[in-house]
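Taking it in order: structure first as structure tokens, then the write-up.
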Amino acid sequence: MKRYSAQIALIVALAVSLGISLVSNSIDAYYLDIALTVGINIILAVSLNLVNGHTGQFSLGHAAFMAVGAYGASIFTLEASSKVIPMLGGPGAFATGIAFLIALIIGGICAAICGWLVGMPSLRLKGDYLAIVTLGFNEIVRVILQNTKGDGMFGGPLGLKGIPPHTTFFWTFALATICIYVVGSMVNSTYGRGFLAVRDDEVAAGSMGINTVRYKVTAFVTGSFFAGLAGGLYAHLKTTISPEGFNFMKSFDIVVIVILGGMGSTAGVVLAAILLTVLNEFLRDFEEYRMIVFSLLLIVMMIVRPQGLLPSLPFLNRKKKSA
Amino acid sequence: KKSDENVIVIGEVAALTGNTATFGQSSHNGTQMAVDEINAAGGLLGKQIQLVTEDDQSKQGEAGTVAKKLISRSKIKALLGEVASGRSLEMAPIAQAAGVPMISPASTNPKVTEAGDYVFRVCFIDPFQGTVMSKFALGKGWKKVAILTDTKQDYSVGLTEFFNKHFSANGGTITGEQSYSSGDKDFKAQLTAIKAGNPDAIFASGYYNEVALIAVQARELGITVPLLGGDGWDSSSLVEVGGKAMEGCYYSNHFSNEDQSPAIQEFVKKYESKHGAKPDAMAALGYDSAKILFDAIKRANSVEGPALRDAIAATKGYAGITGNISLDANRNATKPAVILTIKDGKVVYTETIAP
Amino acid sequence: MDQFLQQLLNGLFQGSIYALIALGYTMVYGVLRFINFAHGDVFMLGAFTALGLHKALGSAVASMPWPVALVVVLVASMAVCALLGILIEALAYRRLRHGPRLNVLITAIGVSLFIEYSAQLLFGATQRPFPELIPRTAIASTGNLTISVAQVVVLLITVALLIALRFIVMKTKMGLAMRALSLNPTASTLMGVNNSVVISFTFGLGSALAAAGGVLYASLYPSIEPFMGIQPGLKAFVAAVLGGIGNIPGAALGGLIIGITETLVKGYSQEIGIPSGYSEGVAFVILILILIFKPSGLLGKVEREKV
Amino acid sequence: MLEVENLHVSYGSIKALHGVSLKVPQGSIVTLIGANGAGKSTTLRALSGLVKSNSGTIRYDGDEITRLAPHKIVSRRLCHVPEGRMVFANLTVHENLVMGAYLQKDKAWIAKQTEYVFHLFPRLKERENQAAGTMSGGEQQMLAIGRALLGNPKFLMLDEPSLGIAPLLVKAIFERIVEINKEQGLTILLVEQNANLALDISSYGYVLETGSVLLEGPSADLKANPKVQEAYLGG
Amino acid sequence: MSAGLELKDVTIRFGGLKAVSELSFSVAPGELIGLIGPNGAGKTTVFNLITGVYTPTSGNIHFDGVSVPGKKPHEITRMGIARTFQNIRLFSSLSVLDNVRTAMMGELKHGIVHSLTRGPAFRKQEALVEKEALELLDIFGLADARDKNAKSMNYGDQRRLEIVRALATRPKLLLLDEPAAGMNPSEKEDLMHLIRFIKERYNLAVLLVEHDMKVVMGICQRIAVIEYGCKIAEGTPKEIQCHPKVIEAYLGVSVES
Ligand SMILES: Nc1ncnc2c1ncn2[C@@H]1O[C@H](COP(=O)(O)OP(=O)(O)OP(=O)(O)O)[C@@H](O)[C@H]1O
Ligand SMILES: Nc1ncnc2c1ncn2[C@@H]1O[C@H](COP(=O)(O)OP(=O)(O)OP(=O)(O)O)[C@@H](O)[C@H]1O
Ligand SMILES: [Mg+2]
Ligand SMILES: [Mg+2]
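Chains as they are written, first to last, in our numbering: chain X, 19 to 341; chain S, 917 to 1271; chain D, 81 to 387; chain V, 1099 to 1333; chain L, 308 to 564.
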């Protein structure tokens, strides 16, 4: 049994989210919205953590991939799903669900392709240079979307509206679980420790036979793919999306979750995604002081817990196992 | 925020902070004033009105969440807001699905009210205003106009689109189309290019924040032709910042501060004594959106969704601050536009253009 | 031809203001190796300080000839913001000095948000007019060319500050200590450098430069509001990276390149078929292209680490 | 001149020193030897203020300097050539030397002392304008020592100066150390793995093991001690 | 082309500086060769050239008949060349065991997909990797430290771990850059034994850069001496010890082994 614990955890989590999903109609719409936002933020943060935390690259453009995914998935849903659903056997819940999944995956793939296009040339840049290039890419995506025709496929500055609210508890948490599983499994193997090696010392990693470029690109593309999925979920949750919503500040928000959670620590990042999303709701009562309180909390957190909520200590985990 | 037997809870979503806070705060001030007035006058249906305002930080995604919060947590009977069309579009399907009537004070994009029969607005829509300004320009004999659009604002893009359509179709020539993004401060490049086209006027469809600077820089570059614009220009800071450069420019608006009708003067006076500044269009629209809602509640004698919806839809010739408002079949306000001009540092009324 | 020349001048002046903001950015980065996202917000505070001072001094300033008034307001705002910068460093960044670098980045984002939203609360969201500290009247308008006094003054001040800053960093002992500290803070204390003093100095200087940027920017574009620092801050950041982050002449060069290309794209959007709305992305496209071919920026040294 | 009493130091939860006491008299060369991880470098770091001690006292010239910041300690003319050289990689050799003289005011003295350093290590003069980071390991070591000498030390701490240095130069460096000690009257605390050489030039030695002093005595005695020979001198 | 490593007229310039100049020498399979020379002679640079960190300005390097320059470091490692670094470069956030396992990627038959499915084959492979890594650590007496963070070890152990990690890539040629630096004489003795032992056990060729003459003379079969990037002598330890040029440039006096 123990040998398959990861797979079992995965299946259990999927089942639970399906179960909750069945009763989600009775959940208060607002609370459901928060829960789904939590799930989407988990996907965003865990996938960014693969790039920034585990592989030690520094991307400030995650929102761009989210945008690509959101637009890709929404355009599919708006333009094509009416044709696809009959092919899948009519307008039942099942066919709609599959069409939605296809939309999400299309969004993810679009984002992954963008990730590859951006990653290939730019991943040889180091640290802050990579950060600014990804941030720049983020802004370029936004500007391009913003300058599209208002009545065209992308909807110009107003973006897309009337996207059906397909995002359910099941889809969100199933994908969040898969994201956690994939990132966790990738990193937690002999092959995957290459990501960590690249982070710690690229020169040494190369000299140990690790193809550093491939690792970096793999991390980047995987991260982008999941960001794209999250974007698709987001679009089908909010039902409208606009370019401005995916500006670099959105990327910052995701980076904040990652660092607050603890770079390279999946559990920490998940926790941070939950806490920050919920905190955001709590702080509403502070009204115009809300962002002031939030920024102070951020500063204090960094001073009090610089290593993040749950820092990653891979060598400690190991110790427990071998003991 | 408990639901009390003796109050009617109304929700409002506004950008009180963030980069469009200047619009959200104005419309909120107007809305709040209307609520205070009605409560002072004894409320509605024997109950006080309780306004629950949620800030969406000018951020995408937030408006939808807070709309859900207001509907499911605060159990609001009606929803007011948002100024920005993008965010109103987030709220509209939620209000529609919940059967809670929503009135947007200032979202001018035609798509907003397409969300369903529970979604209304009290402002005019982009096609109308774009057309009005085109008519006005043509009427002045300006055949060559250059356009400067804020591509970050769907509002500006919309105005430009409809201005362009009408103007070109009616014998005008567009000498140049330039754009910028809100937040930009330097427009010299665009203006230099525009200057080369030698236009009779420049249609600047964006918001006052940038337009004031555009005017200043246009004059620096020796461009003397007037600038034209829409209700997005309406703010006292237009003249404060633009100063002399704004002289002789025209814009369309819902109302004029200078309008001597007692209702408007009273509104202006009250607002000014409370907020230390003259009300701008957003404030007036926020005020009217609440007033129209109250009027409908009174007529419906109920706050139940369908009844209230029908009562709002039946609004005809309501004398608001922003004009005589009637809601059409598409739940959009039809009302005349006034054209204002800046003269000796004051905004003065020139003419009214009916729909 | 005239139009092209005018556009080039527009670009030059626009670029010089980017360069001015980028100077402080790049210097703080060069010494402390972290992106101070709050730089743009200190820039904004600089403009508001100047506005406040101008109001407070009222008739006193009004009676001075404008260059005197400008110097008074400029220097005073720089001083106020320098103190503010030192305070921010002491309160928010100091304790993180030995922590991971990315934490400081988050703190910087926090500081930035704090300043922006506090300012929105204090000053209101609506833009305010900024006094005409430097006349924006045309200096010479030969034919179709116009250059305003303000533009020329800003260009001159930028050049002067560039030279002064370069001198401080390359030729003074404090400058050497700043560079040494950036390379190895442990070793620098072993040389007798009081790191805290050097860092405070760096922040103070950086903030003063930001404030100067804010005041001059507001003089050119006389409307200020709490979020006015975000966009120029970002552009300055791009300029700094483009020139090779940490490299002072590089920042100036980067600023000019961005200013000029952006202006040309906007100005000739119809001719080249790129709507001017895309110009917002132009800075980033240039940045990416240049970094792909020159990964450490135009003037940045390739920091090849010896293996 | 320098007295350390019962020094305890830890890195987080790891205790590195458990009560080290030692004395370095004026004008002497004293050496610390010990296996890897014994705490030699930690002792030097504590002396120059780079790590804070948990308890214990450090007295220099009669004043307690235990809690002083590193730059304050340097200003009392205690200079430290740290483990791993720590040259300023992007500064030139020349600028590194100028940094070494950061607290020195006397220009003439600096010029003279720079000449002296170039005389000790001619390679540095050849490479005056090379970025220090691109120099070879041994070259960087020379620079680190030279840089410390420009701090006008009365008390010099050297952490493994022979590490990575070619034999010819090791000899030269040790000769220089003796020379500096004699000519400039410098007191020297030397940490070395090359214990034979270190004991040859020093007058007194301490043997550290897992954070405490195992043995101490005049260098000649230590060198003759069979236990020391077996454990540290390679038989 | 013969087996083993062969450098032919290799030159590299850094700006005006010729760090390595027309250098030729070779290392046959199973040979243990020393590379010595004064500080800054270009020894580490030679390592960097062989392992693809630098590309020579001119000249050629072959390993087992295959040309090396232009290949990426990881490709060269896969060809069978591994190295340690003069300035220790361990993966600082990984445990000792993981440092070694990470270097065993070449052993893996399956990559990313496998680590996602985590089937029995994956488990078997992981177990094998762990076993081999522990074996190697054991040789160097580091097995007990397997769960320690690499950076919290003392200097000498870190040097040893570097060697283990290099060995874990299963090289045919091992490049050691000052492995004995920072060790005391008795530790150096142990290290000499270890180097001899692994050379025999894994049938390695070794190229050793070291300033400790006892170590170099004690274990090398042949020694090449460089100065200012040029080879000034090559021969058996005996020959080198009394080579006048070497004595003048490097040794100072002749040393006995
Ligand atoms: N920065 C650090 N963090 C945690 N532990 C440390 C740190 N530096 C040293 N240690 C630990 O403190 C102990 C003493 O280390 P120190 O560097 O003083 O030894 P040393 O005698 O100088 O050894 P070496 O000869 O290897 O340089 C060792 O156990 C080491 O692992
Ligand atoms: N990237 C570089 N840029 C400029 N010069 C360099 C670079 N790398 C090495 N050098 C120079 O090349 C020469 C050879 O350096 P290398 O590190 O190979 O010496 P080494 O023989 O390993 O010396 P040591 O025994 O001191 O480690 C040195 O003078 C060094 O300054
Ligand atoms: Mg040590
Ligand atoms: Mg070397």
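Just so you know, even glycine gets a beta-carbon here, dropped at the ideal spot from N, CA and C.
Comparing C-alpha distances from Gly210 (chain X) to each of X:Tyr233, X:Gly110, X:Ala285 shows the shortest one belongs to X:Tyr233.
Cys128 (chain X) counts as buried, since at least 16 other C-beta atoms from the protein chains shown sit within 10 angstroms of its C-beta.
Residue-level contact by beta carbon holds for Leu176 (chain X) and chain S, with a gap shorter than 8 Å. The beta carbon of Ser1189 (chain S) sits closer than 6 Å to none of the beta carbons in its chain outside the five residues before and after it. For the pair Gly377 (chain D) and Gly313 (chain D), the CB atoms are not nearer than the 8 Å cut-off.
Taking CB atoms only, Met271 (chain D) has a neighbour in chain V less than 8 Å away.
For Ser974 (chain S), the distance from the CB to the nearest heavy atom of ligand 2 is not below 7 Å.
With a cutoff of 8 Å on beta-carbon distance, Asn461 (chain L) and Tyr1330 (chain V) are scored as not near each other.
Tyr98 (chain D) is positioned such that its CB atom lies closer than 8 Å to that of Ala316 (chain D).
Non-local beta-carbon contacts of Leu225 (chain D) in its own chain, meaning distances under 8 Å to residues more than five positions away in sequence, involve Asp82, Leu85, Gln86, Leu89 in chain order. Non-local C-beta neighbours of Ser299 (chain D) in its own chain, meaning closer than 6 Å and more than five positions away in sequence, comprise Leu213, Ile214, Ala230, ordered along the chain. With the criterion set as a beta carbon lying under 8 Å from some beta carbon of chain S, the members of the stretch 307–325 of chain X are Arg308, Met309, in sequence order. In this structure, Ser1260 (chain V) has its beta carbon at no less than 7 Å from each heavy atom of ligand 4. For Ile1112 (chain V), the CB falls within less than 7 Å of some heavy atom of ligand 1. Scanning the stretch 67–102 of chain X for uninterrupted alpha helix (DSSP H) segments of 4 residues or longer gives 80–93, listed from N- to C-terminal end. Among the residues facing chain V, Arg259 (chain D) is included, as its CB has a counterpart in that chain under 8 Å away. Per DSSP, the continuous beta strand (DSSP E) segment holding Lys315 (chain L) begins and ends at 312–321.
For Cys1177 (chain V), the secondary structure class from DSSP, reduced to helix, strand or coil, is strand.
Look at the stretch 1131–1215 of chain V and you find these whole runs of alpha helix (DSSP H), each 4 residues long or longer: 1138–1145, 1168–1173, 1191–1198. Linking Lys506 (chain L) to Val334 (chain L) through their CA atoms gives a straight-line distance of about 14 Å.
Residue state for Asp1257 (chain V) is assigned as strand, using DSSP reduced to three classes.
Less than 8 Å separates the beta-carbon of Met1255 (chain V) from that of Ser1146 (chain V). For Pro145 (chain D), DSSP records no beta bridge to any residue. At least one heavy atom of ligand 4 lies closer than 7 Å to the C-beta of Gly1235 (chain V).
For Glu351 (chain D), the uninterrupted alpha helix (DSSP H) segment begins and ends at 349–352. Less than 8 Å divides the Cβ of Val1132 (chain S) from the Cβ of Pro302 (chain D). For Tyr361 (chain L), none of the residues of chain V pass the 8 Å Cβ criterion, the least Cβ distance being about 12 Å. Here Val1311 (chain V) is bridged, per DSSP, to V:Leu1306. Here DSSP, grouped into helix, strand and coil, assigns Ser1020 (chain S) to strand. With a 10 Å radius around the Cβ and a threshold of 16 neighbouring Cβ atoms, Ala389 (chain L) comes out buried. Asn275 (chain D) has its alpha-carbon roughly 36 Å from the corresponding atom of His518 (chain L). Residue L:Ala475 holds the alpha-carbon nearest to the alpha-carbon of Leu435 (chain L) among L:His369, L:Gly322, L:Ala475, L:Val420. Thr1231 (chain S) counts as buried, since no fewer than 16 other beta carbons sit within 10 angstroms of its beta carbon. Interface flag for Tyr557 (chain L) against chain V is set, since a Cβ pair is found closer than 8 Å. In terms of side-chain proximity, the C-beta atom of Tyr1109 (chain V) is found nearer than 7 Å to a non-hydrogen atom of ligand 1. Separation of the CB atoms of Cys527 (chain L) and Leu515 (chain L) is rounded to 6 Å, and the pair is thereby assigned contact status at 8 Å.
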